[in-house]
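Residue numbers (full-length UniProt numbering): 1 to 167.
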Amino acid sequence: MTAPTSAWIGLGSNLADPVAAVEHGLDALAQLPSTTLSARSRLYRTAPWGRTDQPSFVNAVARIATMLEPLDLLDALLAIERRHGRDRERDLRWGPRTLDLDLLLYGRARIAQPRLTVPHPHLHRRAFVLVPLAELDPVLEVPGLGPVGSLLADVAADAAECRPIGD
Numbered sequence: 001m002t003a004p005t006s007a008w009i010g011l012g013s014n015l016a017d018p019v020a021a022v023e024h025g026l027d028a029l030a031q032l033p034s035t036t037l038s039a040r041s042r043l044y045r046t047a048p049w050g051r052t053d054q055p056s057f058v059n060a061v062a063r064i065a066t067m068l069e070p071l072d073l074l075d076a077l078l079a080i081e082r083r084h085g086r087d088r089e090r091d092l093r094w095g096p097r098t099l100d101l102d103l104l105l106y107g108r109a110r111i112a113q114p115r116l117t118v119p120h121p122h123l124h125r126r127a128f129v130l131v132p133l134a135e136l137d138p139v140l141e142v143p144g145l146g147p148v149g150s151l152l153a154d155v156a157a158d159a160a161e162c163r164p165i166g167d
């Protein structure tokens, strides 16, 4: 029998009640078939990335152990987004969203397909992903890029803007 794969998921929201949306997203990850939610970061309040004329975000990262194949996992993440009112066809790129789920890493795989790129192509430039990733595993190796802690050092100025919620 094949062992589950560790996958890392980025979660974010900045519409309606973003804390509740991210918590619901985490709950939905725990309910995926053949999948276990094995770790979750704290929630962070972060500045928008890309388009800055929008409300701040709530972000988190989760690690799951899954038997789902990468594209099946992607489809499951997109279904969770849709259940939370996300319409990727109509939403602005890097714009406000009810819930965003990004497949950041899938084991040590490097995937370049039309529907999926892993590691996530912007992971190394996004403090709102690297800060919660480093909270969970600062020595995690991002295939082709290096350890999370080193990547985080490269975005230190942005990382200072990632504030834990409730601390």
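In this text, a Cβ means the ideal position worked out from N, Cα and C, and glycines have one as well.
Residue 7 and residue 100 have their C-alpha atoms some 16 Å from each other.
Inter-residue distance for residue 66 and residue 146 is about 23 Å (C-alpha atoms, whole angstroms). Assignment of residue 116 by DSSP, reduced to helix, strand and coil, places it in the coil class. Bridge pairing for residue 11: 60, 101 [DSSP]. With a 10 Å radius around the Cβ and a threshold of 16 neighbouring Cβ atoms, residue 18 comes out buried.
Residue nearest to residue 32 within the set 162, 9, 98 is 9 (criterion: CA-CA distance). Rounded to whole angstroms, the separation of the alpha carbons of residue 132 and residue 165 is 12 Å.
Per the coordinates, the alpha-carbon of residue 122 lies some 11 Å from the alpha-carbon of residue 128. Residue environment for residue 110: exposed (fewer than 16 other C-beta atoms within 10 angstroms of its C-beta).
Taking the CA atoms as reference points, residue 38 sits about 32 Å from residue 54. The beta carbons of residue 155 and residue 137 sit no closer together than 9 Å. For residue 146, the beta-bridge partners assigned by DSSP are 142. Per DSSP, residue 37 is one residue of the beta strand (DSSP E) stretching across 35-40. Per DSSP, the unbroken alpha helix (DSSP H) holding residue 82 starts and ends at 70-83.
Residue 143 and residue 119 have their C-alpha atoms spaced approximately 7 Å apart.
A distance of 9 Å or more separates the beta carbons of residue 58 and residue 78.
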